[in-house]
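Q: Here's a structure for you.
Residue numbers (mature numbering (1 follows the signal peptide of the UniProt record, and there is no 0)): -19 to -1, 1 to 131.
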């Protein structure tokens, strides 16, 4: 039986936790802890796990694992929820570590809407929170209810 390869890196995004929002055109830092058994280099990618057919966006390649941090800006991504950052082995593409999910906002947008009301204006986007609720399933249910099914 093949055992899954579990993360060897302790991966954290300081000030970014599940449900936080982030403007990817501003500077963001990924930090991790490494061990001697980890790959020497990693690739960092961004993906949206909420969207079907989502592809990984390469943030950086051949980052030395011993650096234990990487700062990036000007990453292009559609606004929305369900984004994660992955640290991958460049040799086999295995995911060594993954962040919690977060929300990407429009460039320069500091107003996040939660249930129809403006909630946060935070220039550094580190402490902002937003309630993102899946609506597609509800829409499809309502749309399908309008048809007679034989």
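Yeah, the Cβ is synthetic: ideal placement off N, Cα and C, and Gly gets one too.
If you draw a straight line from the C-alpha of residue 96 to the C-alpha of residue 61, how long is it?
A: Here residue 96 scores only 29 on pLDDT, less than 50, and its place in the model is too uncertain to base an answer on.
Q: Tell me the start and end of each unbroken beta strand (DSSP E) in the segment 17 to 50 that is at least 3 residues and wholly inside, in chain order.
A: 22 to 29, 38 to 45
Q: I believe residue 23 touches residue 87 by the beta-carbon criterion, under 8 Å. Please report the beta-carbon distance rounded to the nearest angstrom.
A: Contact doesn't hold; Cβ gap of about 29 Å is too wide.
Q: Given a cut-off of 8 Å, decide if residue 40 and residue 55 are closer than it, judged by their beta-carbon atoms.
A: no
Q: Between residue 14 and residue 47, what straight-line distance do the alpha-carbon atoms span, to the nearest angstrom?
A: 8 Å
Q: On the DSSP letters alone, give me the boundaries of the beta strand (DSSP E) that residue 5 sits inside.
A: Counting along the chain, residue 5 falls outside any beta strand (DSSP E), and DSSP gives it neither H nor E.
Q: Over what stretch of residues does the beta strand (DSSP E) that includes residue 70 continue unbroken?
A: No beta strand (DSSP E) holds residue 70; DSSP gives it neither H nor E.
Q: Considering only C-alpha positions, which residue in the set 45, 37, 63, 57 is nearest to residue 8?
A: Of the candidates 45, 37, 63, 57, the residue whose Cα lies closest to the Cα of residue 8 is 57.
Q: Run through DSSP, which three-state label would residue 9 get?
A: strand
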